[in-house]
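In the UniProt record's numbering, the protein residues as written are 1 to 120.
All C-beta atoms, glycine included, are put in the ideal place defined by N, C-alpha and C.
What follows is one structure encoded as structure tokens, with my remarks underneath.
Structure below.
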């Protein structure tokens with residue numbers, strides 16, 4: 001079962017993320033966009049091991065990641081194609097996200113299908 005949280009239509013830095021069904025999203029810009037952006041939603045995950053993956057088909061420097069916010073406000077990231085573990089006493093907030101890899105001006109026209117699975 002895909003645990004990726006449902007994202008609503010949102011625009012950031014001139015780029016719009018729109019759900020299109022099957023857990024996929026279009027990520028499009030109407031003109032050349034610049035600046036950092038992310039489309040994310042916090043999830044509550046039980047202790048265990050998880051795998052983050054998915055596909056990106058189209059143009060624009062995009063990535064699928066999980067962002068971990070620690071209570072002391074430090075941030076850690078893990079990228080698609082990797083696993084991560086939530087220990088029993090973990091207090092981090094988890095934000096699966098679609099984000100850009102560069103703040104340089106770029107055109108975006110992609111379908112992103114992110115996946116988050118519990119594997120143990």
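In terms of residues, what are the limits of the beta strand (DSSP E) holding residue i?
i: residue 28; result: 24-29
i: residue 12; result: 10-12
i: residue 18; result: 15-21
i: residue 50; result: 48-59
i: residue 35; result: Per DSSP, residue 35 belongs to no beta strand (DSSP E) and is neither H nor E.
Pick from the options: whose alpha carbon is nearest that of residue i?
i: residue 188; options: 88, 5, 73 and 76; result: Here the chain has residues from 1 to 120 only, and residue 188 is not among them.
i: residue 51; options: 78, 107 and 106; result: 78
i: residue 47; options: 93, 102 and 103; result: 93
i: residue 35; options: 100, 27 and 115; result: 100
i: residue 18; options: 81, 109, 63 and 117; result: 109
Here's the rule I'm using: 16 or more other beta-carbon atoms within 10 Å means buried, otherwise exposed. How should residue i be labelled?
i: residue 29; result: buried
i: residue 119; result: exposed
i: residue 31; result: exposed
i: residue 83; result: exposed
i: residue 97; result: buried
i: residue 87; result: exposed
i: residue 65; result: buried
i: residue 20; result: exposed
i: residue 71; result: exposed
i: residue 105; result: exposed
Pull up the distance between the alpha-carbon of residue i and that of residue j, whole angstroms please.
i: residue 57; j: residue 68; result: 26 Å
i: residue 103; j: residue 2; result: 29 Å
i: residue 12; j: residue 91; result: 28 Å
i: residue 112; j: residue 39; result: 11 Å
i: residue 26; j: residue 73; result: 31 Å
i: residue 44; j: residue 16; result: 25 Å
Per DSSP, residue i is paired with what?
i: residue 115; result: 53
i: residue 93; result: 69
i: residue 85; result: 49
i: residue 63; result: 99
i: residue 78; result: 66
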